[in-house]
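Remarks on the structure that follows.
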Amino acid sequence: QKEVEQDPGPLSVPEGAIVSLNCTYSNSAFQYFMWYRQYSRKGPELLMYTYSSGNKEDGRFTAQVDKSSKYISLFIRDSQPSDSATYLCAMLDYGGSQGNLIFGKGTKLSVKP
Amino acid sequence: DSGVTQTPKHLITATGQRVTLRCSPRSGDLSVYWYQQSLDQGLQFLIQYYNGEERAKGNILERFSAQQFPDLHSELNLSSLELGDSALYFCASSVRSAGDGEQYFGPGTRLTVT
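Here the protein sequences line up with chains A and B, keeping their order. According to our numbering, the first sequence is numbered sequentially starting from 442. According to our numbering, the second sequence is numbered sequentially starting from 68.
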């Protein structure tokens, strides 16, 4: 079983839809959870950064962490064509790996006008 | 623009050869990370340097090596290249030495081994 599982998609939605992206993980030592966005032929960029369980909102984006279920989500409200990208979840074991981010394989999202 | 620069953008070389990828971190960042991204494996952490010292090691092959210089730029050396080494190689930088999820990625170097 891989440490981080993410559905690769592709996911295609109409403009204005609410998008839900998810990851599951197996390592209960993970404490920090990130979502990175990667446009085609570009490097990943940090979108959301959360610690432990709970919700964090930033504009149209909401990150949710449920440590008891080992499940994290990213919600995008009022999705736009410019949101079309690959979304990578990432996790960090603060105590063990000293900076080693574990990434999901990414979900490719396409928002159609 | 993340402020992290990588050269070259593209590299095409033959099996058995050796190449060097270069990375300059964001101004003020002391940590440099190297990642490999392939279609089947996703984004894999290779190695981290902090202020010139190796800090963490991931799934880096023995044929690969890296270093960080006093001016904080870093180089990733790949030798005895195989077809399977074809991938995107990203460099990222951050401020902290450890446990830093806030990493800034460069545009990547696309390596093709023929």
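For glycine and all other residues, C-beta sits at the position ideal for the given N, C-alpha and C. Computed from a predicted model, the values in this text were never measured in an experiment.
Step through the CB atoms of chain A and report whether any lies within less than 8 Å of the CB of residue i.
i      : result
B:G175 : yes
B:S147 : no
B:L88  : no
B:Q103 : no
B:S69  : yes
B:E169 : yes
B:L178 : no
B:G95  : no
B:L78  : no
B:G109 : yes
Determine whether the beta carbon atoms of residue i and residue j lie at a separation below 8 Å.
i      : j      : result
A:Q479 : A:G547 : yes
B:R93  : B:Q73  : no
B:G184 : B:Y171 : Nothing in the structure corresponds to residue 184 of chain B, since chain B is present only between 68 and 181.
B:N144 : B:R85  : yes
A:L533 : B:G95  : no
A:D507 : A:S520 : no
B:S153 : B:Y117 : no
B:R122 : B:Q111 : no
A:I513 : A:F502 : no
B:L148 : B:T87  : no
A:P455 : A:K553 : yes
B:P75  : B:T179 : no
A:S481 : A:S551 : no
B:E142 : B:A133 : yes
A:E444 : A:N468 : yes
B:L128 : B:L97  : no
B:V162 : B:Q135 : no
List the whole-angstrom C-beta distance separating residue i from residue j, where the pair is believed to meet the contact cut-off of C-beta under 8 Å.
i      : j      : result
A:L488 : A:Y477 : 6 Å
A:L542 : A:A531 : 5 Å
A:K549 : A:P449 : 7 Å
A:Y492 : A:Q472 : 6 Å
B:L150 : B:F131 : About 15 Å separates the two Cβ atoms, so there is no contact after all.
Return no unless some Cβ of chain B is closer than 8 Å to the Cβ of residue i.
i      : result
A:N496 : no
A:N541 : yes
A:F502 : no
A:E486 : yes
A:M475 : yes
A:Y490 : yes
A:K546 : yes
A:K549 : no
A:K553 : no
Fill in: Minimum length 3: unbroken beta strand (DSSP E) runs contained in the region 499-544 of chain A
You should have 502-507, 512-517, 526-533, 542-544.
Practice prompt. Note down, in chain order, all residues in the region 130-158 of chain B with a beta-carbon under 7 Å from any beta-carbon belonging to chain A.
Written response: Per Cβ criterion, the list reads F157.
Item to complete: Could you name the residues of the region 498-532 of chain A whose beta carbon sits closer than 9 Å to any beta carbon of chain B, in the order they occur along the chain?
Response: Interface annotation for the region 498-532 of chain A against chain B: L529, A531, M532, criterion Cβ-Cβ distance under 9 Å.
Worksheet item: According to a CB-to-CB cut-off of less than 7 Å, which residues of the region 459-471 of chain A neighbour chain B?
Response: Listed in sequence order: no entries.
Practice prompt. Counting only runs of 3+ residues fully inside the region 98-135 of chain B, write out the beta strand (DSSP E) ranges in chain order.
Written response: Taking only runs of at least 3 residues, the beta strand (DSSP E) segments lying wholly in the region 98-135 of chain B are 98-105, 109-117, 120-124, 131-135.
Worksheet entry | Selection of the region 116-129 of chain B by Cβ proximity to chain A, strictly under 7 Å | For chain A, the residues of the region 116-129 of chain B that bring a beta carbon within less than 7 Å of one of its beta carbons are R122, A123, G125, in chain order.
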